[in-house]
Each structure stands twice: as C-alpha cells, then as structure tokens.
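Beneath this line is the structure, given in structure tokens, with notes to follow.
Number of protein chains: 2
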Amino acid sequence: MVAVVASRCVIGLDLGGTKLLAGVVDEQLGVHHRAQRPTRGLGTGALLDVLAELVAECVESSPSPVVAVGCGVAGSLDRRSGVVAAAPHLPLAGVRFEALLAERTGLRVAVDNDANAAMLAEWRHGAARGCGDAVMLTVGTGLGGGIVAGGQLLRGASGGGAELGHMVVELDGPPCQGECPGRGHYEWYASGRAIGRAGEQAARDRPDSALGRQLASGREITGALVGELAHDGDEAARAAIELVGRRLGAGMVTLVNVFNPERIVVGGGAVAAGDLLLEPARREVALHAFPVLRDVVEIVPAHFGADAGLLGAATLAFEELG
Amino acid sequence: MVAVVASRCVIGLDLGGTKLLAGVVDEQLGVHHRAQRPTRGLGTGALLDVLAELVAECVESSPSPVVAVGCGVAGSLDRRSGVVAAAPHLPLAGVRFEALLAERTGLRVAVDNDANAAMLAEWRHGAARGCGDAVMLTVGTGLGGGIVAGGQLLRGASGGGAELGHMVVELDGPPCQGECPGRGHYEWYASGRAIGRAGEQAARDRPDSALGRQLASGREITGALVGELAHDGDEAARAAIELVGRRLGAGMVTLVNVFNPERIVVGGGAVAAGDLLLEPARREVALHAFPVLRDVVEIVPAHFGADAGLLGAATLAFEELG
Chain A
1 MVAVVASRCV IGLDLGGTKL LAGVVDEQLG VHHRAQRPTR GLGTGALLDV LAELVAECVE
61 SSPSPVVAVG CGVAGSLDRR SGVVAAAPHL PLAGVRFEAL LAERTGLRVA VDNDANAAML
121 AEWRHGAARG CGDAVMLTVG TGLGGGIVAG GQLLRGASGG GAELGHMVVE LDGPPCQGEC
181 PGRGHYEWYA SGRAIGRAGE QAARDRPDSA LGRQLASGRE ITGALVGELA HDGDEAARAA
241 IELVGRRLGA GMVTLVNVFN PERIVVGGGA VAAGDLLLEP ARREVALHAF PVLRDVVEIV
301 PAHFGADAGL LGAATLAFEE LG
Chain B
1 MVAVVASRCV IGLDLGGTKL LAGVVDEQLG VHHRAQRPTR GLGTGALLDV LAELVAECVE
61 SSPSPVVAVG CGVAGSLDRR SGVVAAAPHL PLAGVRFEAL LAERTGLRVA VDNDANAAML
121 AEWRHGAARG CGDAVMLTVG TGLGGGIVAG GQLLRGASGG GAELGHMVVE LDGPPCQGEC
181 PGRGHYEWYA SGRAIGRAGE QAARDRPDSA LGRQLASGRE ITGALVGELA HDGDEAARAA
241 IELVGRRLGA GMVTLVNVFN PERIVVGGGA VAAGDLLLEP ARREVALHAF PVLRDVVEIV
301 PAHFGADAGL LGAATLAFEE LG
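Here the protein sequences line up with chains A and B, keeping their order.
Letter 295 of the first sequence, counting from 1, is numbered 295 in our numbering, and no numbers are missing.
Letter 248 of the second sequence, counting from 1, is numbered 248 in our numbering, and no numbers are missing.
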C-alpha cells in the first residue's frame, strides 16, 4: 500500500450532548487522527478548554497543514452571528461560539448545527448523494435534523432551522428538556434518551429479562445499554427499541408528507441498533404516510455511521473556508 | 377613473373541497370577472364539467386574450406528470388532471397544490413579499400548506411536498378523512372542519349559548356558522375558535422550529375569524417555540384573504406559461 500524502487537512469536530469527537480530515475525507472526550456535566469554560485542547492535539498529529476547523454543535445556531442560540444538551446558549473557538485555536472556524453537518456529509458523499430532496435524522442523546430541499441545505431565516427533534408530535405531551420551552416534541419519543426511558419501563414490566436484571442490580438503563442487550437478543430490550422505532417512524410520516424526500438518512449513535430500530420506522411510514410520497422515499442508515457529524463538520470547513 | 385595458389575461382556478373559485386575472393581478360553484359531492366527470364550464364563462368575459389557465387543487400533485396523487376532499386521486383540463378547455394549463399557489401569490405580491423563508397555511375545509425555503418554493422530489395539514401532531390520534392513511394529523385539529367539530362540542357543553340553540334547532354546526356566531359575540363559538387557534399554534411551533421562517401567512376561509383564531395561535408559538426562532417570525393573515389561491393560480400560469 502506498501512503498518500494529504495536501491539506481540516479539523472536524462533532460536539454532542454526551461526547466530543475530533478528527484530522483530508480532502478525500480520510481521517488521519481521531480523539474523543466526554462533555456531559462540563461548564462553558471547561467545555471550551476541552475543545481547544483537542484541536491542539489534532494539529500536532496532522500529516499536513491544517487550514481550518469545522464544528457541528448539538444546538441551534444563529449563522449570521456565530452565536449558539439554543443548545438543550450543552452549556452554550448565548455563547459567541465561532469567535471564541477561533480565538482559542488561532484557526479559522466554521460552525453549524451538528445534524446539518451530518446531512452535508451524507448529501455530498454518502447515503443521500445526488438527492435534490433528503432528510437526515441523527439519533444520539437527543434527536437532530438536517434537510436538503430543492437542491440546497435548508437553514431558515437566521440559520436555526431544521430542528426536527422539536416538531410537536403530541399535543400537550411532556415538556422538553433543557431550555426548549416546548411540549410533546419528537425528541422526547425518538432519541437515545427515549430508548433509555422505554428500556427502563420494559425492565420494570419484565423483571426476568436481561434488562430487568440490570435494573434490579441498580445499573442505569441507558440507550446504549438497551442497544447492547437488544443486540444480544433480550426480548425486553428489543421491545423497547421497537417502540422507539415506531415513534421514530411517526415523525417520519410528517417528514415524508412535508418534504417529499427521496431519502431519509438515519445516523447518530442509536443507529447501531440497525434494523431493530429502522424496520418499525419503515412499517409506520408504509402504513401512515401519503402513499404517493411514501413510494418515492427510502429510509436508510447513514453511510458514515457515527462519523457523519465529524466528516460533515470537515466538509463544512473545506466548503466555507478551504 | 381611467379604465386600463389589460394586455393579456389568464384564468385562475382555486379548486377546494367545498367550492371552486374562478377569475379572469391580468398581469397586475386585477380580477376582471369572477365566478364560483359548489364542488362538494360531485363525481370526477361532473367536476371536470363544472371546471370547463367556468373556464368557458371566464374566457367569454375576459377583456383581452386569455393565454393560459392556472389551477390550484386541494390535493397532492405529481408535478412531473400532472396527475393528482391524492386529494382527500375531491374525487381526483389518480386523475391526469392537467392533461384533461387542457383537453376540455383547449388552453394550456399549469396545475399545483392550492396552498402552494396561495404561497406563491403571497410571496410574490402579498404578506410574504421579500421573504427568503416563509410558510403559508390555508385553513379552509381542510388545512393546506405552502413553503418558501431559502428563496424557493419547496416542492419535494415528485412535487407533492408541503402537505402541512398532514403533519403528525398526536401519536395514535384519530384517523384522517379521505384517502390519507394517517392518524393524528394537524388538519384534524386545525381546519374549518375542526372548527365545526369544536363548535358542536361547545354547543353541547353550553346549550344556552347561541351556538347551543342552533344545535338544538337541528342546524348543522359548520366552521362558517361558528365563525359567524363568534363574530356576533357568542362565547361558546368564541371558545371553539380559540381551542382551534391554540391547536393551529401547536402546529406552528413545529413550523417555526423546522423552517425558521420570517413570516407564517394564514389564509383560507377560516381566516375570516381574524384575531379570534390568530391570537391564540400566536400565544402558543410565543410559549412553546424555540425563543430565538420565535423572535424572527411574524404570524399574519393572508394579504389576499380568500383570493390568495385564485391569484396564486394566476401567478403560476403567468410564470410557467405566460
């Protein structure tokens, strides 16, 4: 194998509610170095420290000059000002994130919502390549969204659109977490946290299941744990994922009827559950979406899997600053 | 007053579930002749007859040559083929509508969803003029939607998108009417029919109200009747419209969070209720949408009122065939 020397690199950052992924990425989307840190529970200053530290580590490891940083953030951005407008799972609301990150790293920085970034990667190079109309859902701690409509990324008037996790799917439903003042939002029903919650209920309903025994032993029932046990065949864990899959599909009915997309791409950590999650969603769409719109859409896992956000952030940096 | 001779005209048709509006429209959107027919209960052939008859009447009344027909249809179109893909309130599903109307009238015909047409009129000339991102809701018999995203009309992969009335707002809610196989859709909760349904409930709850007396006298409680009585000050009728206004607002929370629009324009017959309907919707958005997105949006009645569909169909004809 001949080692190809990358001519220019960027640093891609995928900043989620649970963890930060960083990578040195070349123009062919090759990843030359990667690093990860937990983000849960950090304050604003500590979070910026971790970001700067990881960028420095990446710059040092890069095989060629780093020309920019791209960062996808689990939050709503005002793209006109680079300020994070809302971030239910991160301490960044109101923070001049783009400017601060540029100051701390000494590099040019492009910032977007993390799911917009993931959509960009999948649209340019992945599962939605060539589509004029496509939707991305990132099922991580929360639920993020990205949209391509009529051949362009949908951003909205101030760049804060595509918050698909904050569609109302239940009138007078439970209140959102974080600073979102909404109720009955899609994210409550279809996200890593929703899988954890459904898993906890399933564990109570079936104390003899593997999931039930984990609960009895005092372990926290997270989406990741439910996913592992479902993968191992535990029926209670599978039922929990199926319930969330159906609700993921109910929101997709809206997406199909509104965006008439060719592709709905599902990424984020929870997509590790694969068809256990996606098949119930597909069934829901087959049953309840407008038949003529349903017939033109495919529901597929992200091509880049859990790397979509990281590679999308890198793509953003190349396209906007490269 | 000097009569201006219109150089060219088109015929605009607004085909809803209850009635057909037709008008001769010039390039300055002046309406030179208008006509109306009921559509409820007609079969496919009879409906096409009524359309051809009204077009002929308009052609005869036109002050100048008619160059094309534009038609907005209360249904989902496949714009690639001109076939009506789905039309919950009209007998047109699967009908090659554009071709048949051209055959029957001998004129070139452009067809789109009625709410897309209304959005086009409001965007080019009305309440959403100059907006890069805007949403239109037409609250008529049903609930139609039109979207401008990133400076273009959102149509979707096969031209059937923007079916905002068919967003899921209640998981496992009541089934849709007509051939939509969905459940718990926005239209069920926010439409002329929803106002009628809420009015009937309010009439039962308050038999001493004007609305209650109408119900007791055996009269059908329609959205229009509720609107009239609310306008006259009947508390039961006002409560019914307020409930529907709140639910209209719940769906707008989704629209604000997803499209980050500068303007949500509300048209269709029910907008005659004015702020009785729109104020509760605005309050709901103020309480529950992402604050930063809520702050950039205005919720306004259609500039063209109940004419938005007709004028949008005419605009479509001028833009596509003029």
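Here a beta-carbon is modelled for each residue, glycine too, at the ideal position from N, C-alpha and C.
This structure is a prediction, so every number in the text was calculated from the model and none was measured.
Where residue 38 (chain B) is concerned, the enclosing beta strand (DSSP E) starts and stops at 31-38. Per DSSP, residue 260 (chain B) lies in no beta strand (DSSP E) and is assigned neither H nor E. For residue 320 (chain A), the CB contacts under 7 Å within the same chain, skipping 5 residues up- and downstream, are 110 in chain order. For the region 97-119 of chain B, the beta-carbon criterion of a distance under 7 Å to any beta-carbon of chain A is satisfied by none of its residues. Take the alpha-carbon of residue 249 (chain A) and the one of residue 129 (chain A): they are about 22 Å apart.
CA-to-CA, the gap between residue 194 (chain B) and residue 245 (chain B) works out to about 10 Å.
The closest CA to that of residue 76 (chain A), considering only A:231, A:90 and A:63, is found on A:90.
For a cut-off of 8 Å, the C-beta gap from residue 311 (chain A) to residue 17 (chain A) is around 19 Å, too long to register as a contact.
From the beta-carbon of residue 152 (chain B), the residues of chain A found nearer than 7 Å are 150.
Between the beta-carbon of residue 29 (chain B) and that of residue 125 (chain B) there is about 6 Å, and that keeps the pair under the 8 Å contact cut. Below the 7 Å Cβ cutoff, chain A contributes 167 and 168 as neighbours of residue 254 (chain B), in chain order. Contact between residue 157 (chain A) and residue 24 (chain B) is absent: CB atoms are separated by about 36 Å, not below the 8 Å threshold. Taking 8 Å as the cut-off, the Cβ atoms of residue 148 (chain A) and residue 119 (chain A) count as close. DSSP places residue 298 (chain B) in the uninterrupted beta strand (DSSP E) bounded by 298-301.
Per the coordinates, the alpha-carbon of residue 174 (chain B) lies some 27 Å from the alpha-carbon of residue 139 (chain A). Think of a sphere of 9 Å around the beta carbon of residue 261 (chain A): the chain B residues whose beta carbon falls inside it are 156, 157 and 161, in chain order. Judged by pairs of C-beta atoms under 8 Å, the region 51-62 of chain A touches the region 96-113 of chain A, as three or more such pairs exist.
The three-state secondary structure of residue 58 (chain B), taken from DSSP, is helix. Inter-residue distance for residue 253 (chain A) and residue 289 (chain A) is about 5 Å (C-alpha atoms, whole angstroms). Residue-level contact by beta carbon fails for residue 129 (chain B) and chain A, as no gap is shorter than 8 Å. Residue contact with chain A for residue 247 (chain B): present (Cβ-Cβ distance below 8 Å to some residue of chain A). By alpha-carbon distance to residue 78 (chain B), the top candidate from B:113, B:101 and B:21 is B:113.
Rounded to whole angstroms, the gap between the alpha carbons of residue 192 (chain A) and residue 144 (chain A) is 11 Å. Here residue 10 (chain A) really is in contact with residue 314 (chain A); their C-beta atoms are around 5 Å apart, less than 8 Å. The region 183-250 of chain B contains, as complete alpha helix (DSSP H) runs of 4+ residues, the segments 186-189, 192-205, 210-216 and 223-231 (chain order). Between residue 170 (chain A) and residue 170 (chain B), the C-beta spacing is below 8 Å. For chain B, none of the residues of the region 230-242 of chain A brings a beta carbon within less than 8 Å of one of its beta carbons. Secondary structure note for residue 20 (chain B): its beta strand (DSSP E) is the uninterrupted segment 19-26.
Residues of the same chain with a CB within less than 8 Å of the CB of residue 95 (chain A), apart from the 5 flanking positions on each side, are 44, 83 and 84 in chain order.
With distances taken between CA atoms, residue 222 (chain B) lies nearest to B:269 out of B:255, B:317, B:269 and B:181. In the structure shown, the three-state DSSP call for residue 169 (chain A) is coil. Cβ atoms of residue 237 (chain B) and residue 230 (chain B) come within 8 Å of each other, at about 4 Å. Secondary structure at residue 63 (chain A): coil, using DSSP grouped into helix, strand and coil.
Rounded to whole angstroms, the separation of the alpha carbons of residue 241 (chain B) and residue 98 (chain B) is 36 Å. Taking 8 Å as the cut-off, the beta carbon of residue 187 (chain A) is found no closer than this to the beta carbon of residue 218 (chain A). Residues of the same chain with a CB within less than 7 Å of the CB of residue 57 (chain B), apart from the 5 flanking positions on each side, are 35 in chain order.
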